[in-house]
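Student: Chain order of the listed sequences is A and B. Heads up: the first sequence begins at 1 in the working numbering, then just goes up one per residue. Heads up: the second sequence begins at 1 in the working numbering, then just goes up one per residue.
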Amino acid sequence: MDWQVVLNNSSLLARGLTTSLELTLFAIAASLPVGCLLAIGRLSKQRWLSLFCASFVNVMRSNPLVLVLFWLIFLVPLIIGHRVPNLAAVSVAFVVFFSVYFSEIVRSGIQSVGRMQISAGLSTGLTRGQTMRHIVLPQAVRAMLPALTTQCIVVFQGSTVAYVVGYDELLHSSSMIAERTGRPVELYIATAAIYFLVSLAGSLLARRFETKRSRA
Amino acid sequence: MQYNLTFSMLLTAPYLGWIADGVLTTLHLALLSWSVALLLGLAVGIARVSSNRALRLFGTFYVELFRNVPLLVQLFLWFYVVPEFLPSETARWWNRLDEVPYWTAVIGIAFYTSSRLAEQIRAALGAIPKGQFEAALSTGLTKLQMYRHVIIPYAGRIMIPAITSEFLTVFKNTALALTISVVEISATARKIEAWSFKGIEAYTVASATYMLTTLAVILVMTMLERRLAIPGLIRWGS
């Protein structure tokens with residue numbers, strides 16, 4: 001084995017990792033609000049709205065990310081009439097796919113807050129919105145935090161799936177270098193190590209949230 | 001947007017045969033890797049709660065390793081890297097196998113899934129009151145007998161919901177095997193799209209496969225859960 005090849009291409013790998021992280025952050029930042037909307041829609045008293053949100057969540061949850069990606073890459077150009085860059089298709093697919101998982105976390109967070117809390121809030125004269133904002137959400141967010149951090153790691157690991165459509169994230173960069181230099185062994189081991197370290201750091205962070213919560 | 005939907009095209013040769021092959025490959029790939037993962041996960045999950053410190057350490061190491069590397073990267077490691085380190089005899093035998101990508105996918109998905117299952121199994125074992133372990137040992141059962149006759153039948157039933165959702169994850173994860181050229185249903189859909197430009201029809205078939213199987217699995221497992229519920233325990237989700 002010759003690790004020099006990894007060092008020689010470290011700037012390319014670093015750029016790949018940056019792209020992966022950017023995609024991850026974008027997907028999280030955009031999926032979280034959409035997920036909240038979906039969760040609120042599911043808990044709504046309006047039947048058609050909760051039914052629509054529930055079906056959307058269930059359809060998305062039973063499809064693999066790769067297939068959602070294929071769908072969008074095929075459908076988006078068909079709908080808007082011209083080709084779109086991979087970046088756009090991948091971003092949209094990630095948000096559509098992951099917002100559903102975020103919505104489930106948000107929903108179970110909201111539902112973990114006792115019903116009595118809402119009654120108590122309303123009976124002190126707060127409006128529904130105020131009860132949500134001052135009583136339910138602060139508790140729900142605390143309950144959701146560990147699951148949210150875990151989901152962020154899942155999104156980061158899921159960013160590798162963009163490899164399938166040739167999006168230039170870390171795995172794709174490293175496979176290109178591996179092909180060019182003919183040294184897949186060193187490159188894939190190094191790539192796995194990078195993913196391992198980033199994910200491990202993330203899960204240590206998640207665990208800290210959990211212990212903090214249990215102490216509180 | 002101009003597009004003529006012609007689902008009947010999918011019923012003609014060669015597409016119908018491709019679809020049947022793709023669906024079957026997805027199904028047995030998922031079942032096989034999940035079964036292997038369950039065995040591995042059981043061993044590692046028990047190791048994680050064992051009284052032996054070395055075993056516990058090994059369990060932690062195993063789980064962290066396989067959980068923190070993305071599945072796609074693990075598939076690449078099994079496909080491109082591991083064969084390089086095999087002794088030449090084994091490597092030759094491996095490369096002569098008929099379906100190297102398929103078996104690689106089984107191994108890769110199984111190891112990845114086993115680390116997640118091990119955590120579920122550890123949680124289920126933790127949910128069993130300590131008295132059950134002590135009572136089993138004090139009646140003269142050996143440790144192996146204790147696990148086989150008391151703990152696993154107990155933990156197994158607690159775990160049904162978790163195992164079900166893990167199976168559904170495995171089932172969707174099989175789509176990643178297309179990166180190492182296993183032609184399962186997602187790859188088949190892409191192939192049909194490339195041949196006929198009938199993307200909507202092709203991807204609908206793939207999506208329907210995943211959704212119908214998910215539905216069927218959930219129905220069967222809910223039934224099983226109800227049938228096997230342990231009397232006296234609070235039913236999960238009720």
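Cβ coordinates follow ideal geometry from the N, Cα and C atoms, glycine included.
Please determine if the region 68-75 of chain B and the region 157-177 of chain B are in contact, where contact requires at least 3 C-beta pairs separated by less than 8 Å.
Tutor: Yes, the region 68-75 of chain B is in contact with the region 157-177 of chain B.
Student: Residue 195 of chain A CB to nearest chain B CB: under 8 Å?
Tutor: True, the Cβ-Cβ gap to chain B drops below 8 Å.
Student: Does DSSP put residue 68 of chain B in a helix, a strand or coil?
Tutor: DSSP places residue 68 of chain B in helix when its eight states are reduced to three.
Student: Using three-state DSSP, classify residue 236 of chain B as helix, strand or coil.
Tutor: Because the pLDDT of residue 236 of chain B is 47, which lies under 50, any placement of that residue in the model is unreliable, and the question is left without a value.
Student: Under 9 Å Cβ-Cβ, which residues of chain A neighbour residue 58 of chain B?
Tutor: Correct list: empty, because the minimum Cβ distance to chain A is about 17 Å.
Student: Would you kindly check if the distance between the Cβ of residue 150 of chain B and the Cβ of residue 34 of chain B is under 8 Å?
Tutor: Taking 8 Å as the Cβ cut-off, residue 34 of chain B and residue 150 of chain B do not qualify as a contacting pair.
Student: Counting only the same chain and skipping the five closest in sequence on each side, list residues whose C-beta sits under 6 Å from that of residue 30 of chain B.
Tutor: 170, 171, 174, listed in sequence order.
Student: Tell me where the alpha helix (DSSP H) around residue 23 of chain B begins and ends.
Tutor: Unbroken alpha helix (DSSP H) run through residue 23 of chain B: 15-48.
Student: What are the start and end residues of the alpha helix (DSSP H) that includes residue 22 of chain A?
Tutor: Where residue 22 of chain A is concerned, the enclosing alpha helix (DSSP H) stretches over 10-42.
Student: Counting only the same chain and skipping the five closest in sequence on each side, list residues whose C-beta sits under 7 Å from that of residue 158 of chain B.
Tutor: Closer than 7 Å at Cβ, skipping near neighbours: 124, 127.
Student: Alpha carbon to alpha carbon, what distance is there between residue 3 of chain B and residue 197 of chain B?
Tutor: If I take the Cα positions, the gap works out to 10 Å.
Student: Since residue 193 of chain B is in the alpha helix (DSSP H), which residue starts that stretch and which ends it?
Tutor: Element bounds for residue 193 of chain B: 185-196.
Student: According to DSSP, simplified to helix, strand and coil, what is residue 74 of chain B?
Tutor: In this structure, residue 74 of chain B counts as helix in the three-state DSSP scheme.
Student: When you compare only the Cα positions, how much space is there between residue 193 of chain A and residue 66 of chain B?
Tutor: Taking the straight line joining both Cα atoms gives about 11 Å.
Student: Does the distance from the CB of residue 188 of chain B to the CB of residue 18 of chain B come in under 8 Å?
Tutor: Yes, Cβ-Cβ distance for residue 188 of chain B and residue 18 of chain B is below 8 Å.
Student: Which chain A residues sit within Cβ distance under 8 Å of residue 190 of chain B?
Tutor: In chain order: 70.
Student: For residue 239 of chain B, count neighbouring Cβ atoms within 10 angstroms of its own Cβ and tell me buried if that reaches 16, exposed if not.
Tutor: For chain B, the structure presents residues 1 to 238; residue 239 of chain B sits outside this window and is missing.
Student: Name the two residues that bound the continuous alpha helix (DSSP H) containing residue 139 of chain A.
Tutor: 137-158 is the extent of the alpha helix (DSSP H) around residue 139 of chain A.
Student: Thinking C-alpha only, which one of A:98, A:197, A:108, A:209 is nearest residue 154 of chain A?
Tutor: Ranking A:98, A:197, A:108, A:209 by Cα distance to residue 154 of chain A puts A:98 first.
Student: Roughly how many whole angstroms lie between the Cα atoms of residue 210 of chain A and residue 8 of chain B?
Tutor: In a straight line, the C-alpha of residue 210 of chain A is about 53 Å away from that of residue 8 of chain B.
Student: Could you check the C-alpha separation between residue 238 of chain B and residue 166 of chain B for me, to the nearest Å?
Tutor: Residue placement at residue 238 of chain B cannot be trusted, given a pLDDT of 39 that sits under 50; what the coordinates show is reported in the next sentence. The straight-line gap from Cα to Cα measures roughly 21 Å.
Student: Please determine if the region 112-123 of chain B and the region 41-50 of chain B are in contact, where contact requires at least 3 C-beta pairs separated by less than 8 Å.
Tutor: Taking 8 Å as the limit for Cβ pairs, the verdict is that the region 41-50 of chain B does touch the region 112-123 of chain B.
Student: Have a look at B:227, B:59, B:204, B:51 and flag the residue whose alpha-carbon is nearest the alpha-carbon of residue 121 of chain B.
Tutor: Checked all of B:227, B:59, B:204, B:51; the closest Cα to residue 121 of chain B is B:59.
Student: Check whether the region 157-171 of chain A and the region 71-91 of chain A touch, using three or more Cβ-Cβ pairs below 8 Å as the test.
Tutor: A contact exists between the region 157-171 of chain A and the region 71-91 of chain A.
Student: Determine the direct distance from the alpha carbon of residue 217 of chain B to that of residue 218 of chain A, and round the result to whole angstroms.
Tutor: For residue 218 of chain A there is no data in the structure shown, the boundaries of chain A being 1 and 216.
Student: Is the beta carbon of residue 110 of chain A closer than 8 Å to that of residue 39 of chain A?
Tutor: Yes, they are a contact pair.
Student: With a CB to CB cut of under 8 Å and the five nearest residues on each side skipped, what residues in its chain are close to residue 50 of chain A?
Tutor: The answer, listed in chain order, is 41, 42, 43, 44.
Student: Which residue marks the beginning of the alpha helix (DSSP H) containing residue 143 of chain B, and which one marks its end?
Tutor: It spans 143-146 - the alpha helix (DSSP H) in which residue 143 of chain B sits, taken as one unbroken run.
Student: Give a yes or no on whether the C-beta atoms belonging to residue 184 of chain A and residue 81 of chain B are separated by under 8 Å.
Tutor: Yes. Within cutoff.
Student: Since residue 173 of chain A and residue 15 of chain A should fall inside the 8 Å C-beta cutoff, what is the C-beta to C-beta distance between them, to a whole number of angstroms?
Tutor: Right, the Cβ-Cβ distance comes to about 7 Å (below 8 Å), so this counts as a contact.
Student: Could you give the first and the last residue of the continuous alpha helix (DSSP H) run that contains residue 123 of chain A?
Tutor: Residue 123 of chain A -> alpha helix (DSSP H) spans 115-123.
Student: How about residue 219 of chain A: is its C-beta nearer than 8 Å to some C-beta of chain B?
Tutor: With chain A running from 1 to 216 in the structure shown, residue 219 of chain A is simply not present.
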